[in-house]
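Those protein sequences? They're chains Y and L, same order as listed.
The first sequence: position 35 = 35 (UniProt numbering), numbered continuously.
The second sequence: position 176 = 176 (UniProt numbering), numbered continuously.
Ideal Cβ placement from N, Cα and C applies to all residues, glycine included.
Only a predicted model underlies this, so the values are computations on that prediction, with no experimental measurement involved.
In what follows, a single structure is set out as structure tokens and then discussed.
Number of protein chains: 2
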Amino acid sequence: MLSTQPVSHEAGRQRQGRLWSNLKEVCDLLHLPPISINSEELLFQHVQFKTGQRVHTIGQPFDMLYVVNSGFLKTVLIDEFGNEQVLAFPMKGDLMGVDGIHNKTYSSEAVALSDCDLVLLPFKKLTTLGRTHVELENMMYGVMSRELVREQAMIGMLGALSAEARVARFLVTLSDRFSQMGYSSKLFNLRMTRHEIGSYLGLTLETVSRTLSAFNEIGLISVDQRTIGIKDVDALKSLRRLPPSRTRSKLPARAKAAAAEAQVPLLATL
Amino acid sequence: MLSTQPVSHEAGRQRQGRLWSNLKEVCDLLHLPPISINSEELLFQHVQFKTGQRVHTIGQPFDMLYVVNSGFLKTVLIDEFGNEQVLAFPMKGDLMGVDGIHNKTYSSEAVALSDCDLVLLPFKKLTTLGRTHVELENMMYGVMSRELVREQAMIGMLGALSAEARVARFLVTLSDRFSQMGYSSKLFNLRMTRHEIGSYLGLTLETVSRTLSAFNEIGLISVDQRTIGIKDVDALKSLRRLPPSRTRSKLPARAKAAAAEAQVPLLATL
DNA sequence: CGAACCATTGACGGGGCTCAAATTGTGTGG
DNA sequence: CCACACAATTTGAGCCCCGTCAATGGTTCG
């Protein structure tokens, strides 16, 4: 039902019956300092996608980047057996399509999980413009680097955290994102299935479901189908565990602040 | 010992007592089409690092990209407990430092696993130059996008493959890389410890060790400490398994070629 | 209103982590 | 060059987390 999703598109204006955004609005969306560019007339077109529609598919010729203005999506890899591997859940302010630059074809698939409004960024246009506007060029590099850092963090999580910790982090991250977007950080609806969450976190859907139920029972959250209430953010944030432990480096003087106080004793002890 | 490591540096020339490379040589190193740029005099300095030395550390101000000309390294994340998470094992032709563009500080640490020779690419110089040379700019975007795609594949692996499959893939990838570099693809030395491999693959060092021993026993490889002999590449390549299975998408008509013939029945059945 | 799809929960087993010890390799100082 | 300390690797035993299989009920949508 998407009841909590706003229909208003702050960024964007009508023109020729469609929505368009100027560069400043795109920068705002990406959480980047606005670029003082003379060409105020530079506009980017929006496109709408309905739930279930594909924004781009694997192998499709690349020519566009996309910025999410509203709505929720998933990006997935498809392996040789047809299995989906969820890579991310892009939402407002996220950039999509960067993986297509290399090879000139998209290497992932983007699917709308709800009705979406996306800003189209023709890549050629962007680079051409960047050549004369240093700030734009820096923005491009910055955004791509940010994506890379994000993925590195993801690798770190998949490589080092337990199922409980992954789910907890997932919830905290979602909460933060919703908060950024002006929604409640304490109560929100998941736009994806347990299956998709599991794929994203490297877990099965049953483990995701069980972990959510466990969090619910000990009062960290409330769960009702796709409605999640965050009850104890701090507990969720500090919930860790190190299955591949003994992975400690021998340079203890490194942790910026061994300020990691006593951790929640994890669920098993309850 | 590094007995199999060549001391020669194909790319690079002496000048002022140091090694320098021009743009064409850098492109070759990165496996990119050579850029026909007029400034033949454009040279990039090399720097040498000894085993154990850090190329850059987390938080250090960013201003350089690095291309590996020879030697082996690891890039790592450090979590709040001081634990290392290995992100990659850069070797000849790999680019390092891209994660530093965003935030102007490196978000990972690069450590030399052997004596190394790196080409320094001052980022400012690169972008400035890219503004007047479209090809160079495209190269920059392309390389960054390639890194991103690589990390996406890594996420897919960590999220979907069993321990055996991860180790098998790791070996095949290494074999390919060594082959590319002109070494034997059938016999090579690991430059990293079991611990580092485990961190990279999201496993414990014991699991890595046991898996290698198991591969050895069934004749897929030979193992003697850090010397690996590849006996049956095809078996290693086709060795998969899908712990988070049932992850099959409901659109079976997708797999580009259900050409996935019968797989090796995995170790457990032997 | 029925047919998918989705979520929850239980039972069970095994893959991989933990703890432990023995062996071998590696680096450093005398 | 050798001896010693330490790091790396291997291997075993045990167990627990989480994947697998299965059944039920709820939700959605044509």
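Helix, strand or coil for residue 54(L)? Go by DSSP, reduced to three states. In the second sequence, residue 54(L) corresponds to position 54, counting from 1. Assignment of residue 54(L) by DSSP, reduced to helix, strand and coil, places it in the strand class.
Between the alpha carbons of residue 197(Y) and residue 111(Y), how many angstroms are there, rounded? Residue 197(Y) sits at position 197 when you count from the first residue of the first sequence. Residue 111(Y) sits at position 111 when you count from the first residue of the first sequence. Near 14 Å, if we compare the C-alpha coordinates of residue 111(Y) and residue 197(Y).
Minimum Cβ-Cβ distance from residue 85(L) to chain Y less than 9 Å: For the purposes of this step, residue 85(L) is taken as residue 85 along the second sequence, with counting starting at 1. So yes, residue 85(L) belongs to the interface.
Within 9 Å (strictly less), CB to CB, does residue 200(L) reach chain Y? Taking the first residue of the second sequence as position 1, residue 200(L) is located at position 200. Contact of residue 200(L) with chain Y is assigned, a C-beta pair being separated by under 9 Å.
Any beta carbon from chain Y within less than 9 Å of residue 160(L)'s own beta carbon? Sequence index remark: in the second sequence, residue 160(L) carries index 160 (1-based). Output row for residue 160(L): interface = yes.
Excluding sequence positions up to five away, which residues of its chain have a Cβ less than 6 Å from the Cβ of residue 135(L)? Position 135 of the second sequence, counted from the start, is the residue given in the question as residue 135(L). Taken in chain order, the residues that qualify are 35.
With distances taken from CA atoms, which of 61(Y), 19(Y), 29(Y) is nearest residue 181(Y)? Your numbering for residue 181(Y) matches position 181 in the first sequence. Answer by Cα proximity: 29(Y).
Looking at C-alpha atoms only, which residue of 63(Y), 60(Y), 79(Y), 45(Y) is the closest neighbour of residue 69(Y)? Here the question's residue 69(Y) lines up with position 69 in the first sequence. Ranking 63(Y), 60(Y), 79(Y), 45(Y) by CA distance to the CA of residue 69(Y) puts 45(Y) first.
Collapsed DSSP secondary structure at residue 140(Y) in the structure displayed: Locating residue 140(Y) in the first sequence gives position 140, counting from the first residue. Helix at residue 140(Y).
State whether the region 83 to 99 of chain Y contacts the region 199 to 214 of chain Y, with contact taken as three or more CB pairs (one from each stretch) at a distance under 8 Å. Verdict: yes, contact present.
Minimum Cβ-Cβ distance from residue 67(L) to chain Y less than 9 Å: In the second sequence, counting from the first residue as 1, residue 67(L) sits at position 67. It does not; no Cβ of chain Y falls within 9 Å.
Taking only beta carbons into account, state which residues of the region 109 to 140 of chain Y come closer than 7 Å to chain L, listed in chain order. Residues of the region 109 to 140 of chain Y whose Cβ lies closer than 7 Å to any Cβ of chain L, in chain order: 127, 131, 137.
List, in chain order, every chain Y residue whose beta-carbon is nearer than 8 Å to that of residue 236(L). Start at 1 with the first residue of the second sequence, and residue 236(L) comes out as number 236. Residues of chain Y passing the Cβ test: none, with the nearest at roughly 16 Å.
Between residue 152(L) and chain Y, is any beta-carbon pair separated by less than 9 Å? If you number the second sequence from 1, residue 152(L) lands on position 152. Answer yes: the Cβ-Cβ gap between residue 152(L) and chain Y drops below 9 Å somewhere.
Under 9 Å between the Cβ atoms of residue 126(L) and residue 140(L)? If you number the second sequence from 1, residue 126(L) lands on position 126. If you number the second sequence from 1, residue 140(L) lands on position 140. Yes, the Cβ-Cβ distance between residue 126(L) and residue 140(L) is below 9 Å.
Any idea what DSSP makes of residue 185(Y), helix, strand or coil? For the purposes of this step, residue 185(Y) is taken as residue 185 along the first sequence, with counting starting at 1. In the structure shown, the three-state DSSP call for residue 185(Y) is coil.
Taking the beta strand (DSSP E) that residue 222(L) falls in, what are its first and last residues? In the second sequence, residue 222(L) corresponds to position 222, counting from 1. Counting along the chain, residue 222(L) sits inside the beta strand (DSSP E) bounded by residues 221 to 224.
Verify the CB distance criterion: does residue 228(Y) have a CB-CB separation below 9 Å to chain L? One-based indexing of the first sequence puts residue 228(Y) at position 228. With 9 Å as the cut-off, residue 228(Y) does not count as an interface residue toward chain L.
If we count the other Cβ atoms within 10 Å of its Cβ and call it buried at 16 or more, is residue 133(L) buried or exposed? Here residue 133(L) refers to the residue found at position 133 when the second sequence is read from its first residue. The residue in question, residue 133(L), is buried, as its Cβ has 16 or more Cβ neighbours within 10 Å.
Chain Y residues whose Cβ lies nearer than 7 Å to that of residue 146(L): Counting from one through the second sequence, the residue named residue 146(L) turns up at place 146. Simply 102.
Sequence-distant residues of the same chain with beta carbon closer than 6 Å to residue 114(Y), five excluded per side: Counted from its first residue, the first sequence places residue 114(Y) at position 114. The answer, listed in chain order, is 2, 51, 71, 72, 191.
Can you name, in chain order, every residue of its own chain whose Cβ lies under 6 Å from the Cβ of residue 27(L), other than the five neighbours on each side? As a first step, residue 27(L) must be located in the second sequence, where it is residue number 27. Result list for residue 27(L): 34, 35, in chain order.
Name, in chain order, the residues that DSSP records as bridge partners for residue 229(Y). Within the first sequence, residue 229(Y) is the residue found at index 229, counting from 1. As DSSP reads the structure, residue 229(Y) sits in a beta bridge with 187(Y), 222(Y).
What in chain L is Cβ-close to residue 142(Y), meaning under 7 Å? One-based indexing of the first sequence puts residue 142(Y) at position 142. Residues of chain L passing the Cβ test: 101, 102.
Taking all protein chains shown into account, decide if residue 152(L) is buried (16 or more other Cβ within 10 angstroms of its Cβ) or exposed. Residue mapping note: residue 152(L) aligns to position 152 of the second sequence, counting from 1. Of the other Cβ atoms in all chains shown, 16 or more fall within 10 Å of the Cβ of residue 152(L); this residue is therefore buried.
Inside the region 18 to 43 of chain L only - beta strand (DSSP E) runs reaching at least 3 residues: Listed in chain order, they are 18 to 22.
What whole-angstrom Cβ distance do residue 147(Y) and residue 148(L) have, given they're in contact under 8 Å? As a position in the first sequence, residue 147(Y) is number 147, starting the count at 1. As a position in the second sequence, residue 148(L) is number 148, starting the count at 1. Contact between residue 147(Y) and residue 148(L) is confirmed by a C-beta separation of about 6 Å, below the 8 Å threshold.
Using C-beta distances below 6 Å, list every residue in its chain close to residue 227(Y), excluding the 5 sequence neighbours before and after it, in chain order. In the first sequence, residue 227(Y) corresponds to position 227, counting from 1. The residues are 189.
Residues that residue 107(Y) contacts on chain L, provided the C-beta gap is smaller than 8 Å: For this step, residue 107(Y) is matched to residue 107 along the first sequence. Chain L residues near residue 107(Y): 149, 152.
Taking a Cβ distance cut-off of 8 Å, strictly less, list which residues of the region 41 to 54 of chain Y are near chain L, in chain order. Result list empty, no residue passes.
So residue 155(L) contacts chain Y; which residues on that side make the cut at Cβ distance below 7 Å? Working through the second sequence from its first residue, we reach residue 155(L) at position 155. Result: 87, 151, 154, 155, 158.
For residue 78(L), which residues does DSSP report across the bridge? Within the second sequence, residue 78(L) is the residue found at index 78, counting from 1. DSSP lists 84(L) as the bridge partner or partners of residue 78(L).
Is the region 54 to 67 of chain L in contact with the region 91 to 105 of chain L, if contact means three or more CB pairs nearer than 8 Å? By the Cβ rule, the region 54 to 67 of chain L counts as touching the region 91 to 105 of chain L, because three or more pairs are nearer than 8 Å.
Starting from residue 98(L), find everything on chain Y with Cβ-Cβ shorter than 7 Å and list it in chain order. One-based indexing of the second sequence puts residue 98(L) at position 98. Taking a Cβ-Cβ threshold of 7 Å, the residues of chain Y close to residue 98(L) are 145, 148, in chain order.
Helix, strand or coil: how does DSSP classify residue 70(L) here? On the second sequence, position 70 is the one that residue 70(L) refers to. For residue 70(L), the secondary structure class from DSSP, reduced to helix, strand or coil, is strand.
With a 10 Å radius around its C-beta and 16 neighbouring C-beta atoms as the bar for buried, classify residue 195(Y) as buried or exposed. Numbered from its first residue, the first sequence carries residue 195(Y) at position 195. Here residue 195(Y) is buried, its C-beta having at least 16 other C-beta atoms within 10 Å.
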